[in-house]
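Chains as they are written, first to last, in my numbering: chain A, 10 to 388; chain F, -12 to 276; chain U, 546 to 935. We put the beta carbon where it would ideally sit given N, CA and C, even for glycine. This one's a predicted model, so the numbers in the text were calculated from it and none came from an experiment.
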Amino acid sequence: MSVHPTLHPTIDQQLRRSGSSRRDFITLCGKLMVAAPFGLAITNFVSPEAVAGVVGKARRPSVIWLHMQDCTGCTETLLRTSEPDLAALIFDVISLDYHETVMAASGSDAEAALKDAMKENDGKYVLVVEGSIPTKDNGAYLKIAGRNGIDMLKDVANHAAAVISIGSCASWGGIPSSNVNPTGATGVDSIIKNKPVINLPGCPPNPYVLLATVLEYATTGKVPKLDALGRPKFAYDRLIHDHCPRRAHFDAGRFASQFGDSGHRQGWCLYKLGCKGPVTHAPCSTRHFNEVVDCWPIGIGAPCVGCTEKDIAFTVPIFKTADVTHPVPPDFYPPIYAEHKGISATATGVAGLVGGALIGAGLIASRKMNEGSSDEPKE
Amino acid sequence: MNTDRRSFFKSIAAAAAVTAIPTAAIARAKKTAPPDAVGLLYDATLCIGCKACVVACKDANNMPPDTSGYGRGLYDAPDSLNQYTKNVIQLYKDGGETSYAKKQCMHCIDPACVGACMLGALQKGKFGVVSYDVSKCVGCRYCETVCPFNVPKFEWAKTAPKIVKCELCKHRLADGKEPACTEVCPRKAVIFGRYTDLLDEAHRRLKASPNKYVQKVYGEHELGGTQVLYLSHVDFEKIGFRFQQPESVPHLQQSVTHGVYKGFAGPVALYALLGAVVFRNRGKSEKES
Amino acid sequence: MQTHAQPLGGALFTRAYLFLLALGAIGIALMIWRFAVGLGAATGLSDGYPLGIWIALDVVTGTALACGGYAVALVVYIFNKGHYHPLVRPAILTSALGYTIAGTSVAVDLGRPWNMWKIPLYFWNWNLNSSLLEVALCIMAYVFVLWIELSPAFMEKWSVDGPPRLKRISQRLLPILDKALIWIIALGMLLPTMHQSSLGSLMMLAGPKLHPLWLTGWLPLFFLVTCLAMGYAVVVFESVFSAIVYGRKPEFAMLRNLQKIAAWGGLFFVIIRIIDLAFSGSLHYATTLDLYGTMFWIENVLWLLPLAMLAGPRANLGTLFRGAMAVALAGAVYRFDTYLVAFNPGPGWHYFPSVPEMFISFGLIAIELAIYVAVVKRFPILAAVKEKSS
C-alpha cells in the first residue's frame, strides 16, 4: 500500500518528472538488449524503442539493497557508468528505497528508513543483497545496527517478493569464502529458502544484468529463467570461451606464452596464461564494462579468472590452465572422416561408353562368326 | 577333350602344391617393440582441441600451409593428414558426445608400410620410429595402400613427389629434444616417453579413473601393437580407429609368402622341375616327328 | 606337324590402323602432360585410393590377359601337345607386348620413376618381404625373357632378307637361341607363376582394408588360376579374331579345347573360392546384396557363363569368341574388385579414373595393338594358312 500514489509512478512518468531525456532512456534500453539478447520478455523486441515502450509502462519497482561482507564493488559497478549518466537513470528506473552506500541518511535515520521501506512495500519489494553472509559463531562476524547479518537478511527477505544476490559473494560466498573461510562466509541461497533467489555472480557482475533482471521482474512479475545454480540463463548460459573475440586464436593454436611477448601483444589467446574462459559462465565476452569497448579482462590482455564460478574463482590459481572436461567444439571443425573429392560424371560417362561399345562390338562381331564354322562331327 | 581337362587339373594341382600352402605356412613370429622404443600417449579426455600441436608440427617440420578445404585459400586449416600435414586434430561429435582425436603416424611395431616398401625406403629405425628415406622411394604408393591407419600421404601436386608422414620428429630426438607436438601441448594431452613407461602410465590412468575412460589402451594389442597409444572416453571406432584385431597387417601375407617361397628354394625347385619336363618332352617330340 | 609361320603381309595403314595410331598419339601426348602437371592433376587418384586403373587395368589385368604365352607354353612344352605349337608365337608376341605396355604403365604411374633402375640393381636394399618387389623384378625379367623367346621370329626373317648386318647377327644367334630355348622356355613359365601369384599376395597386405569376400591367404593361387584361364581365353579370342579379320581358317577343335580349359578353370576357381570362404566363415557376406555381395555374384556369373555357352547345342566360333570374352571379363572384374572395389580406405574417399587417365590407358593399349598388327604383318608370327580344314 502506498502512502503517496505518485511515489510509485510508472517509469515513463518518473522519467518525465525527473527530466531525464527520453533519448538516454532509449539508449539504456538498447544496452539492455545487448546484455540480454535472448530469453527475456523485456528485450524480446526488434528495436530499443519497442523495449522502451514496454519498460516504460512498468511501475518503478521498489528495491531494498543490503550490504553484507562486501567490498561495495557491485554497487560501484552499477554507479560507475557514465554514458549516459546511468546512475541518474537508475534512480528513475528503480526506486532505491534503502542503500547504505548512497542513501543520505545514517545512524538511526537509516534504520528507520529501512523499517519504513519494508512496511510501505511489504511483499512487493525486490531485495538485492551484496556481499557474503558469515555464518560461523552464529554470524557474529557481521553486525549491522546491532543485528547479526544472518538475522537482518532473514528479516528483510521474509517480506520481499524476490531476492537478487548480486555478485559472487552474495551468490556463493565470493572472496571471503576462499580457502580456510574463517568467517564461514556463504551465499544468500544457503540461508534464504522460502523466497525465489536469483544469483548474479561476478566480481563484479555486469550492471546491465542486474537492471535487466529487475526490470523483467517489474514488467512481467516473473523471475527470468534460471539455471541449476539459480543464475539467469539469459546471461549465464554461455561460456566466456564460446563468445570470446579471441576464440579464433584458440582454434588456430595461437597462444600468448608470457605477458608482453609477441603473441600477447598481438592479442592472441590467453589460455596458456591461465584464462578460465573455457570453464566460466558469464556474459562478459559480449557485454563489456564501463561502456568502453574491450574494457573487460581478456580485452585488456588479462586472463579471465573465472570470478563467477565457485569452483574456479579464488580457488584455482589464476595462472593455472583450465581443466576443460567437456570441450564444446566450434561448429566448423574437421570431422573424423572428411569428405574428399567425388567422382566426375564425365569420366563415368566416358568409361561407360567405351566399355559398352567394346562389349557391344564384340558381341555383334561374334554373331557374324556364327556362320561359316560349327561343331565338328568328330572329336 | 578329356585328356586336356585332366592335364589341366594336374597342372593346377602341381601349381597349388608349390605356390600356395597358407595353412601349412611357417608361422611368422610375432614382433615386439624394440628395447629402445619410444612413443606417444594421447589422452583424448585431456585434449581441448586447441591445435597447438598441429601448428608446432608444421613449424618443426617446415611444412607448407594447407589452404585447400576449410581454409578456402586463405587459412591453413587441414582437415586430415595430407601432403602438407603430418599431424592433425579431428573432432568426433554425435549429439552431446564429443571427443577430439589427434592423428599422426602410429609407429606400428609390425608396420604394413615397412613390409610393403620395395627398397626399404620406410624402415623401423632408431627408437622404433618408422622413418622415410626418399632416396629409396620410387613413388609407387604401395605403403599408402596398405597402411591400416591411412597415414602415409603422397605429394600429388609435385613433379618430384615424396611420401609425407610423421617421423616422431626424429631430427629433434637426435638433439635430445622431444617431438614438437608433445612439447607444445598446454594440457599435456599428448606426452612423449619410453614406450614401456607410457604403457604403464596409460594403465595407471585406466585404473585410477575407471569411469572416465573406455577400459582399453588402443595400440597395446591392436594390429600387432603400435608405439603411439590412445586413451579415450568414447569408443575407439568413433574417433576413427576402424580396426581392432590383434593380428598385425603383414602377418598373413608374409606367412603365406615365406611358406611358399621358403627363401629361394621354392622357385629354384620349380624351375628345375619345369626345365626337366621341357627337356624330356623336347626329346620325345623330336623322336616322334 | 609343325606349320611354318609366315608374315601376314598386306597394307599396314588401314583406316582402323590409323585410328589406333591416333589413339596412341593422344596417349603419348597425355603422358607427357601427366609428367608436367603431376599425378594429382592428371588422374583421379587420391590418398584414399593411391592405386588406380594404371595398376588395376594396365598392369594387373593387362598382364593376366598377356598370359597367353604362359598358358600355351604349358600346353605345348609341359603337356607336350605339339599340335598347339602354331599358337605359341602369336601368344608370345601378345605377351611380350602386353608386359612391355604394363611396364610402361608402371613407369607412368610411379611418382619417382627415375629411381626405377634402383629396383633391379640395388639388391642390398631389397626388401624380400615385399610382394611388389617380387612383382617388379619378375616382370622386368619376364619382359626380357619374352622378347628373347620371340626373337627367333625376327631373326628368321632377318636371316633371310634383312639388312646385311642384321642378317649376319641373326644367322649366328639363331642356333644359339635354339639350344638355350629349353631354359628360356622354362624361365618363361617359372616367372609368370611367381609374379601372377604375387599380384595376388600384393593385396593380401591391404589386410583389413580389403573386404572379406576377397581377402584370403589363397589370393596367390586364385590369381594364378584365373590368370591361366584368362590366358587361354585370350589365345582363343585372338585366334578367332585374327582368323575372321584376316580371312583365315581357324583350327576350331584346338580352340575349343583351349576354351574348355579356360571355362573349367573358371569353374574350378569359383568352387575353391567358395570352399575357402566357407572355411573362413566369410561366406555370409555373399548373402547381402550390397556393393560387395553384388560384385561377388557378378564375378561368379561371368566365370560360369563360358561353361554354359560350351554346353549349348551347337558350339561355333561365335560361341568360343563370346565365351572367351566372358572369361576375360570375369578375370578383369575379379582383379578390379580385388584392387579397387573391395578395397575400402574408409568413409569420404572416392575413386574414378579421370578422362586423361583413361585415355593414357587407351593410348597404351592402342599402341600395343598397333605394334602387334605391324609385327604380325611383317614377321613370321602367325601360322601359314592350311589348305584343308583339320
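(request) State the start and end residues of the unbroken alpha helix (DSSP H) segment that holds LEU773 (chain U). (result) 764 to 790
(request) Just mark THR15 (chain A) as buried or exposed, buried being the case when its beta carbon has 16 or more other beta carbons within 10 Å. (result) Because the pLDDT of THR15 (chain A) is 47, which lies under 50, any placement of that residue in the model is unreliable, and the question is left without a value.
(request) Classify ALA561 (chain U) as buried or exposed, calling it buried when 16 or more other Cβ atoms lie within 10 Å of its own Cβ. (result) exposed
(request) Kindly indicate the opening and closing residues of the alpha helix (DSSP H) around ASP260 (chain A). (result) 256 to 260
(message) Helix, strand or coil for LYS933 (chain U)? Go by DSSP, reduced to three states.
(response) Model confidence at LYS933 (chain U) stands at a pLDDT of 42, short of 50, so the residue's coordinates are unreliable and nothing is read from them.
(message) Quick check: what's the CA-CA separation for LEU584 (chain U) versus LEU590 (chain U)?
(response) 8 Å
(message) Counting only Cβ pairs nearer than 8 Å, list the residues of chain A close to VAL221 (chain F).
(response) Chain A residues near VAL221 (chain F): none, gap ~11 Å exceeds 8 Å.
(request) Let me know if PHE328 (chain A) comes out buried or exposed under the rule of 16 or more other beta-carbons within 10 Å of its beta-carbon. (result) exposed
(request) Show which residues of chain A have a CB atom less than 8 Å away from the CB atom of TRP894 (chain U). (result) HIS349
(message) Only counting the same chain, and skipping five residues up and downstream in sequence, which positions put a Cβ closer than 7 Å to that of ASP882 (chain U)?
(response) TRP759, MET840, GLU844
(request) Below 8 Å on the Cβ atoms is my guess for ILE571 (chain U) versus PHE904 (chain U); work out the distance and round it to an integer in Å. (result) 6 Å
(request) Have a look at F:VAL201, F:GLN241, F:CYS153, F:PRO51 and flag the residue whose alpha-carbon is nearest the alpha-carbon of SER86 (chain F). (result) F:VAL201
(message) Please give me, in chain order, every unbroken run of the alpha helix (DSSP H) with length at least 4 that falls completely inside the stretch 340 to 375 of chain A.
(response) none
(message) Could you check whether TYR150 (chain A) and LEU41 (chain A) sit closer than 9 Å to each other, using their CB atoms as the reference points?
(response) no
(message) According to DSSP, GLY26 (chain F) sits in a beta bridge with which residue or residues?
(response) F:GLY180
(request) Less than 8 Å between the CB atoms is what I'm expecting for LYS152 (chain F) and PRO135 (chain F), so what's the real figure, rounded? (result) Not really, about 14 Å apart at Cβ, beyond 8 Å.
(request) List the residues of chain U that VAL243 (chain F) touches, going by C-beta distances under 9 Å, in chain order. (result) SER746, MET749, GLY762, TRP763, LEU764, PRO765
(message) Is there a C-beta anywhere in chain B that falls below 9 Å from the one on ASN625 (chain U)?
(response) Given the protein chain composition of this structure (A, F and U), no chain B is represented.
(request) Name, please, each residue of chain U whose Cβ falls closer than 8 Å to the Cβ of ILE373 (chain A). (result) Result: empty, since nearest Cβ-Cβ is about 10 Å, beyond 8 Å.
(message) Counting only beta-carbon separations shorter than 9 Å, does PRO65 (chain F) have a partner in chain A?
(response) yes
(message) In whole angstroms, give me the CA-to-CA distance for ARG657 (chain U) and VAL125 (chain F).
(response) 4 Å
(request) Assign ARG801 (chain U) to one of two classes, buried (16 or more other C-beta atoms within 10 Å of its C-beta) or exposed (fewer than that). (result) buried
(request) Below 7 Å CB to CB, which residues in the same chain sit around LEU557 (chain U) once its five sequence neighbours on both sides are set aside? (result) ALA919, LYS922
(request) Give, in chain order, every residue of the stretch 850 to 867 of chain U whose Cβ lies closer than 7 Å to some Cβ of chain A. (result) ARG859, ALA860, ASN861, LEU862, GLY863, PHE866, ARG867
(message) To the nearest angstrom, how far is the alpha carbon of HIS549 (chain U) from that of ASP97 (chain F)?
(response) 56 Å
(message) Less than 9 Å between CB atoms is the rule here; does ALA356 (chain A) satisfy it with respect to chain U?
(response) yes
(message) Tell me which residues share the same chain as PRO185 (chain A) and place their Cβ nearer than 7 Å to its Cβ, disregarding the 5 neighbours each side in the sequence.
(response) GLN78, SER141, CYS178, THR192, ALA194
(request) Can you grab the Cα-Cα spacing for the pair ALA47 (chain F) / CYS172 (chain F), in whole Å? (result) 14 Å
(request) Would you verify that the beta carbon of THR839 (chain U) is, or is not, closer than 9 Å to some beta carbon of chain F? (result) no
(message) Using a Cβ-Cβ cutoff of less than 7 Å, which residues in the same chain neighbour LYS145 (chain F) once the five nearest sequence positions on both sides are dropped?
(response) none
(request) Starting from the beta carbon of ALA360 (chain A), find every residue of chain U whose beta carbon is closer than 8 Å, and list them in chain order. (result) PHE897, PRO898, MET903
(message) Determine whether the beta carbon atoms of GLY272 (chain A) and ALA331 (chain A) lie at a separation below 9 Å.
(response) no
(message) My output table needs one value for VAL102 (chain A): the three-state DSSP class, helix, strand or coil.
(response) helix
(message) Counting beta carbon pairs with one atom in the stretch 164 to 180 of chain F and one in the stretch 25 to 34 of chain F, are three or more of them shorter than 8 Å?
(response) yes
(request) Using a Cβ-Cβ cut-off of less than 9 Å, list which residues of the stretch 308 to 331 of chain A approach chain F; keep chain order. (result) THR330, ALA331
(message) Could you tell me the alpha carbon to alpha carbon distance between TYR514 (chain U) and GLU679 (chain U), rounded to whole angstroms?
(response) The requested residue 514 (chain U) does not occur in the structure, where chain U is confined to residues 546 to 935.
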